[in-house]
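All remarks here apply to the structure that follows.
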Amino acid sequence: VGVVGYLIGPIFSADADISWKLGIVAGFAMLLNLVAAAMFGVLIPFALKFFRLDPALASSILITTVTDVAGFFFLLALASWILIG
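Using UniProt numbering, read the sequence shown as starting at 1 and increasing by one per residue.
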């Protein structure tokens, strides 16, 4: 199955120039999302503690939301910058 996919895959690829750019976009978006998750994973509990809120109750949903939004933004920004511009 792998050999057949390897032989037929290039036939169905529409644009070979854009395929390596897609890999760069996805890789950098994941890297930036990882850095953002680490940064917000530290900052949000400290901010909640500063406002005298329990970080154990609210930080998980806030970190997930901020990380998802940041990851989506990074993916779209990098795609428009690398693929279009």
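Backbone N, C-alpha and C define an ideal beta-carbon position, used for all residues, glycine too.
Distance from the CA atom of S60 to the CA atom of V35, rounded to whole angstroms, is 17 Å. The Cβ atoms of V25 and A70 lie no closer than 8 Å to each other. Where L83 is concerned, there is no enclosing alpha helix (DSSP H), because DSSP gives it neither an H nor an E.
In the structure shown, F72 falls within a helical segment according to DSSP collapsed to helix, strand and coil. By the neighbour-count criterion, in which a residue is buried when 16 or more other Cβ atoms sit within 10 angstroms of its Cβ, F51 is exposed.
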